[in-house]
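Residue numbers (the working numbering): 72 to 307. Just so you know, even glycine gets a beta-carbon here, dropped at the ideal spot from N, CA and C.
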């Protein structure tokens, strides 16, 4: 069994970004040699810092499928960040969007509750630009030859990549097996499409993402990450 999980709102608390509530569950998975693959919109720098904290040494996926990082190599699937920014400048002119590249570390910290140190890691982007926008920017992104994905806090502009493509690339490269996918927002739609068992984690208000519910009749709903693991991977 392989666990493939989003981070924010799943393994990381949606408000505090803490993973302490799941420390024992992670330790149990490690004892059982169950890989836990992070599949996130975070940067490589952010994800590597979290992996060091958690003692995780499994492969991981960053920037919504921009790259798959294996132990011995990196599979690049995304469009280089300078090209993403060139397109974002045009999207910004058409929609009034405001991206990470426009914001200071202090602004981002205030906007999403990260420490300045974490924000500096979040700004080390390679394939994806997070941004806020008052209108749906999807049509403008497509006209520019790019894609937009909607996460819990931000839109993301990126090339023709998604978490599902990255999951399939990882499984081809590192070996397959039964998979449990865990997500909380429509940004995780393709992640769950690529996995065998699909789990949705509740939002802070207790509801589950409507897009995930509409797309997966077999979706398994849980209140938190450890509950999802206990209900699937570690169930008796």
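Is it true that the CB of residue j sits closer than 9 Å to the CB of residue i?
i, j, result
"residue 135", "residue 256", "no"
"residue 238", "residue 132", "yes"
"residue 142", "residue 128", "yes"
"residue 120", "residue 217", "no"
"residue 81", "residue 296", "yes"
"residue 241", "residue 263", "no"
"residue 299", "residue 130", "no"
"residue 73", "residue 105", "yes"
"residue 270", "residue 248", "no"
"residue 201", "residue 230", "no"
"residue 258", "residue 286", "no"
"residue 208", "residue 166", "yes"
From the DSSP output, in three-state form, read off residue i for me.
i, result
"residue 175", "coil"
"residue 220", "strand"
"residue 270", "strand"
"residue 114", "coil"
"residue 190", "helix"
"residue 144", "coil"
"residue 276", "coil"
"residue 170", "strand"
"residue 99", "helix"
"residue 86", "coil"
May I have the straight-line CA-CA distance separating residue i from residue j, to the nearest angstrom?
i, j, result
"residue 101", "residue 306", "16 Å"
"residue 252", "residue 294", "15 Å"
"residue 243", "residue 228", "26 Å"
"residue 224", "residue 304", "29 Å"
"residue 124", "residue 190", "17 Å"
"residue 84", "residue 140", "24 Å"
"residue 203", "residue 137", "20 Å"
"residue 155", "residue 161", "10 Å"
"residue 164", "residue 205", "13 Å"
"residue 279", "residue 77", "15 Å"
"residue 174", "residue 103", "43 Å"
"residue 183", "residue 274", "16 Å"
Need the endpoints of the alpha helix (DSSP H) that residue i sits in, please.
i, result
"residue 160", "152 to 166"
"residue 197", "No alpha helix (DSSP H) holds residue 197; DSSP gives it neither H nor E."
"residue 248", "Per DSSP, residue 248 belongs to no alpha helix (DSSP H) and is neither H nor E."
"residue 261", "260 to 264"
"residue 215", "Per DSSP, residue 215 belongs to no alpha helix (DSSP H) and is neither H nor E."
"residue 133", "Counting along the chain, residue 133 falls outside any alpha helix (DSSP H), though it belongs to the beta strand (DSSP E) covering 131 to 133."
If we define contact as Cβ-Cβ less than 9 Å, is residue i a contact residue for chain C?
i, result
"residue 99", "This model lacks chain C altogether, as it is built from one protein chain only."
Where do the ends of the beta strand (DSSP E) carrying residue i lie?
i, result
"residue 226", "226 to 229"
Quiz item: Is there contact between the segment 114 to 123 and the segment 183 to 203, where contact requires at least three CB pairs shorter than 8 Å?
Solution: yes
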